[in-house]
Structures are given as C-alpha cells and as structure tokens.
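Same order as they appear, the protein sequences are chains A and B.
For reference, each letter of the first sequence is one residue, going 1 to 173 in my numbering.
For reference, each letter of the second sequence is one residue, going 1001 to 1450 in my numbering.
Worksheet: one structure, shown below.
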Amino acid sequence: MRALSLREKVLVGLCLVVLAAVGMVQLAGGSQAGGGGDLPALAKERARLAQRVKSLEQEVARLSTSRQQAVPEALRVMDRATRKAGATLQMARPLRDSVQGDLVRHAVEFGVTGRFPQVIGVLESLANEKTTMMVERVEISAADAASDQVQAQVRLAGYEPGPQSGSKRRAQP
Amino acid sequence: MGIDIGPEWVRAAVVAGRGGAARLEGVGAAPAPKGDGERLPEAVRRACLAAGVGGGAAAACLPRGETTSRLVRLPAAKSEQVEQMLVFEAGQQVPFPAEEVVFGYRSRPQEPEAAEGEHLLLAARQGAWVSLRRTLAAAGLRPTWCAAQGVALAGLADGPTVVVQVEGSWTGIDLVQGELRLSRTTPVGGQHLGGEGPEALAAGERLAGEIERLLLACEGLEAAPALLLVGPGASQPLAHRLGNDLGLACRVWSSGPPALSGVAAGPEYALAVATAMQAVTAPATLNLHAPQAAASTNRRRGLLLVGLVALALLVVALSWARRAADPGQAAQAARLRGQVQVMRTRAGELAVRQRELQGRLGASEFAVVMRELTTRAPAGVWLTSLSCGRGGTGSARGKALSSEKVGALVAALGESPALREPNLTFVRQMKVGSVSVVEFGLTWQPEGGR
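Here's what the structure looks like:
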C-alpha cells in the first residue's frame, strides 16, 4: 500500500487527537466525579455508616460521665454502698478535672469509716453498681490497733471525651 | 455500436463483425441537447434508433481535451508488472491526482532480449470516464470500449496517415503509423474553413501549418503520409487546398479501411464508425479502465478512514451523551462520597473513644484484693494500711510477731489468684510497749494489671 497522502494523514491525525482527548477527559472525569452507576452502592454504604455512627454515639454516651453528672452520681452510688455495708460516709470532696489522653476525668474522693469487713463490703457494692463512676483508688488504714476499725479513702472517677479530641484527630494528616 | 457525442449532434454507427473484419450495418444521428446533460441519454438513444439498433454493446470516445497520451519507456518486465509501473507513470504524467486516473496502454513489439520496452499510455480523468459510461448506460446501452478519439480514428488509416478531424470550431490532427503516434488540436474548425473567401484561405493555411509542424515533430516516418479528412467539416475543396499546400495526397473519408465493408457513410460519421470498428476488431486496444489494484487499495483505505472517522464521532457522541445525561447523578455521587468519607472518619473517632472509655471503666477488683490480703494473713499478722490504685501497684504496711509470720504472709499471697508478684519492701524490728514486733511493708501487682 502506498504512503498516505497529506490529506489522509491530516484526517487520521485529527481522528487520533479526538480519540486521545476524549479518552483523557473520560479518564479524568471517571476518577474524580465518576458516573452515576455506583449511586446505589454509595447510598447503601452511607446508610450502613450512619447506623454504625449512631450505635457508637449511643455507646460512648452510655460510657461517658459529664461534669454535671459526676458528683451527684458518685454521691448516689457511694451513699448506697455505705448504707448497704453499714459503713459511715464521713467526707466527700470533688477533685479538679484532669485531662487523660483524649478524655476528661471527673473524680470525687470519699472518706469512709467502719470495721474492715464493712469497708470491704462498700468496695464490693461499688463493684456491683451499674454506674459510670468507677473506683480509681483505695487507701485503708487501721484506726487503732485494738480493733478492726479502719479509715478508708475511696476515689471514684468518671470520664467523657474531651472537646478537642475530635478536631485534633481530624487535623492529623 | 459506436457513439460520437458532439456539441451539436449525436451520431451512432452499427458495425458487425469479429476478429479483423467488420461490416457497417447502419448509421444514424440525433440533435444533441445543448447544455442539458440530463437529456443527453435520450439523444443517444434516438441516434441508436436512427441507426437501426435499440440497445446492446456500445463504444465511445472521450473528448480530446479529456485525454492525454504519452510514449513511456520502461525496463523490460512481465505484463502484470508493466501495468503496475504504468499506473505509477500515469499518476506522474497526468495533471490530476493518481487515484482519479483511468488509463489504458499498448506495448509496442520489442526484441526478446531488449532491456527496455515502449508503451503507449493513454490516461484520462476518472470523472469524465464515469460520466460517459453513465450516459451510455442511461441510454440503455452496455459500455464496452472507451478511449480517445485519436486512438479510434487511427483505425481508419491504411499506412502512414494524417487523420484530420474537422469539427465545427476546432480540428484534431492525428498522425498514424501503424498506431497513433502524435495528436494535436487547433482552434480552426469547419466554420472557419468553409467557402472560398480570404478568411477561409487563411484558416486553411493555418491548419496546413499545424499539420506541417506535427509532421516535423514526428521522427521515423517510413514514407510521406496521406491526409484523410473526417468529421462534419471535411469537404473536397478543403482536401484539395490542404493537399496542394502540403504536397500530400489528401482525400475525404467515405469508406474504408479495406477491412470495413457495408453501407456508405459521410465523413461526419467517421468517428462513430471508427469507434465501433475498434470495439469490434480490437476491443482491448487502449481501453480505458481503472487500475484494479489501486482501486481496491483505495476502497480499503477509504473504508478504513471512514471507519476511523466514524469511531471518533461515536466516541465523541457517547462522551457527550454521558455528560449530558449525568450531571445530576455525578453531583449526587460526589455528594454521597463526601458524606461517606465524613461518616467513616466520625465512626473511627467514636470507636477510639469507645475503646478508651471501656478501658477506663472496666470492673474493679479492689474488694477481692483486699479480702485476699486479710483472709490469707496468718494469725499474728496485723495490716495497718492498704493502698491500691486501678491498674497500678498495690502496697500494704503491717506488724507481725515474728519474721516467720511475715514470710508466711508473702508465701500465702503468692498463691492468691487475685494478685501477683508480692514483694517485701522493708522489714524492721521495733518494740510496742514491752513487746518486740516486726514492722513490714509489701507491694503487689493486681492480676491482669501492668
């Protein structure tokens, strides 16, 4: 076959340019905007994620204790435990909030007196309470050497996500 | 059937025969429609009917201005190779694109060992050739032979001859010696040459001069040629004048050559008769045709190009249609992708918080540890203080009556499932009143703690 004429070369060149241009546009468009063919899959994924987010939010809310909730809840469970064990609740002192990682800790320290088994009973009651205020530290000391009277300091703490934790995490690359 | 389509008349001649002999069966003419190509087939049909035939095989010649002939020298080669080379030569020697050329050729006899061969190449623009064949087909005829007027008229010559075709406004001059050798056209025609006036005489002299120049341009003439006048402008007085001016024998065609017999016809039918005779006696001689290889190549290439263009257009159309139909869906998909991405991030953050909170709020074993310490302490050991933090090291202080009691306490705690790694931090002797006791301190790790 003889060589293409100038007119044929121009025609072939134009066709190739058109095909290449359209192909590149399609590739670029496909990677960015895409077509509408995956709409159902996207909608399904969004619904699944929405359900997952809702579930996690509920779980985090269940495990969290706000500043406003911390002291009343701690008093409630400690009063209930000491009453149940027969110990005496002598003192309650809210501690300063502190940040631990992404969480903010709200703590209350209690002074309890009673016989050693009663104090142990208080700890057992606290362990069985359905509450977000958990025993963080216990110190027991003998009141006098002649009896099993003890004094105990019990610290209850609850947590909630810090206000900056989400934005800090999102700011990370 | 030979057809001569002139500017004023369409003439037809019917020749029957086979091989070298032919017989003129009849001639006929019909006025040509001036400037109306659509009525030309009808004029052709009427001329054929006037000649006594309604249809059949027909031959015709292209006008002189539409054809060109060259004598081409090529290296000796096989006939099929010669044709391929002549296709190339036709493309080189005609003033229009090679793919628009139709051509015919005749190879001159050559010596078997000759290094080169001579070929008379006739070429024409394909458009004129196709138009002529369509006219014949539209008139109900079957085109068979199509060539140049000079080629056809060469068949009327017997020996070296100058065939002078006198038409109304022009004259064609063909020098024939066995075959067409040279052709020339001059704008001196029958309308200039008629009569005996000075203008006619001057026109005759110009025509004679043209013939003389043609003879001078031709080499290798075997003998003095004769003049043969044909065409509607041919006449005996003109023949006399030209013969006298050139010193050559000159006659007006009325019959012949010897191979042609049959009815008599005037010189105006000479071209039609010569065309028909060529088609009958030598149908392959310089018959114009499209180069087969080039034609098929061009067809394939045309299909390829058309396919490529169609593909490009299809791609563009599909792309356009997709974009035209999609803007809403594409925007919705982009919006959904953004929402999904945000939700994934949010779910990840919440999962981290959930794990952290669960880690902080796990069930405490303070009571169990405390109870283990007190119940496993042997008699004679008093614990004075206990301290225990979540997940951290626990510590205790106490007093014992002897060091053995302290050792027994550590050993008992070592067997407890609630704590591990009990260690004495200090042991010292002291007196409480008059009683000598041992004060001690110990630590442990909660089971499962760090």
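Each residue gets a CB set at the ideal place from its N, CA and C atoms; glycine is no exception.
When the beta-carbon positions are compared, Val-108 (chain A) and Val-119 (chain A) stay at least 8 angstroms from each other. Distance between Val-1176 (chain B) and Gly-1052 (chain B), taken at the CA atoms: about 31 angstroms.
Within the same chain, Gln-1093, Leu-1121 come within 6 angstroms of Arg-1070 (chain B) by CB-CB distance, once the 5 residues on both sides are set aside. Assignment of Val-1352 (chain B) by DSSP, reduced to helix, strand and coil, places it in the helix class. The beta carbon of Arg-1108 (chain B) is closer than 6 angstroms to those of Glu-1118 in its chain, skipping five residues each way along the sequence. Along the segment 106 to 118 of chain A, the positions whose C-beta sits under 8 angstroms from a C-beta of chain B are Phe-116, read in chain order. Three or more pairs of CB atoms, one per stretch, sit closer than 8 angstroms, so the segment 1365 to 1372 of chain B contacts the segment 1382 to 1391 of chain B.
Counting the other CB atoms within 10 Å of its CB gives Met-91 (chain A) a total below 16, which places it among the exposed residues. For Val-1273 (chain B), the enclosing alpha helix (DSSP H) stretches over residues 1270 to 1281. Residue pairing from DSSP places Glu-139 (chain A) in a beta bridge opposite A:Gln-153, B:Ser-1387. CA-to-CA, the gap between Val-1427 (chain B) and Arg-1355 (chain B) works out to about 42 angstroms. In terms of CA proximity to Glu-1083 (chain B), B:Tyr-1105 leads the group B:Leu-1318, B:Tyr-1105, B:Gly-1231. Pairing Gly-1233 (chain B) with Leu-1086 (chain B), the inter-Cα distance amounts to about 36 angstroms. A direct Cα-to-Cα measurement between Gln-1191 (chain B) and Gly-1204 (chain B) gives close to 11 angstroms. Burial of Asp-1004 (chain B) is indicated by the presence of at least 16 other C-beta atoms within 10 angstroms of its C-beta. The segment 1204 to 1224 of chain B makes no contact with the segment 1267 to 1274 of chain B: fewer than 3 CB pairs, one atom from each, lie closer than 8 angstroms. The segment 48 to 104 of chain A contains, as complete alpha helix (DSSP H) runs of 4+ residues, the segments 67 to 85 (chain order).
Interface annotation, Thr-1384 (chain B): in contact with chain A, CB-CB separation under 8 angstroms. Under the 8 angstroms criterion on CB atoms, Val-1340 (chain B) is classed as interfacial with respect to chain A. The Cβ atoms of Ala-1021 (chain B) and Ala-1076 (chain B) do not sit closer than 8 angstroms to each other.
A straight line joining the alpha-carbon of Thr-1186 (chain B) with that of Gly-1065 (chain B) spans about 11 angstroms. Cβ contact annotation for Arg-1241 (chain B) (same chain, cutoff 7 angstroms, sequence separation greater than five): Gly-1204, in chain order. Within the segment 1061 to 1117 of chain B, the complete beta strand (DSSP E) segments at least 3 residues long are 1067 to 1075, 1101 to 1107, listed from N- to C-terminus. Contact annotation: the segment 127 to 144 of chain A does not touch the segment 1007 to 1018 of chain B, with fewer than three C-beta pairs closer than 8 angstroms.
A:Asp-97 is the residue among A:Arg-46, A:Asp-97, A:Lys-9 whose C-alpha sits nearest the C-alpha of Ser-66 (chain A). Residue contact with chain A for Leu-1357 (chain B): present (Cβ-Cβ distance below 8 angstroms to some residue of chain A). Judged by their CB atoms, Gly-1028 (chain B) and Ala-1050 (chain B) are nearer to each other than the 8 angstroms cut-off. Using a C-beta cut-off of 8 angstroms, the segment 134 to 142 of chain A makes contact with the segment 154 to 164 of chain A, since at least three inter-stretch Cβ pairs fall below that distance.
Taking a C-beta cut-off of 7 angstroms against chain B, the contacting residues of the segment 85 to 104 of chain A are Gly-101, Asp-102, Leu-103, listed in chain order.
Look at Ser-141 (chain A): its C-beta is under 8 angstroms from a C-beta on chain B.
Leu-1180 (chain B) and Val-1151 (chain B) do touch by the CB rule: their CB atoms are close to 5 angstroms apart, below 8 angstroms.
In the assembly as shown, Glu-1415 (chain B) is an exposed residue. Its beta-carbon has fewer than 16 other beta-carbons within 10 Å. DSSP, reduced to helix, strand and coil, places Thr-1185 (chain B) within a strand of the structure shown. Our two residues, Ala-1139 (chain B) and Leu-1132 (chain B), have alpha carbons roughly 11 angstroms apart in a direct line.
With the rule of 3 Cβ pairs closer than 8 angstroms, the segment 1301 to 1312 of chain B does not count as touching the segment 1153 to 1170 of chain B. In the displayed model, Met-133 (chain A) falls within coil according to three-state DSSP, outside both helix and strand.
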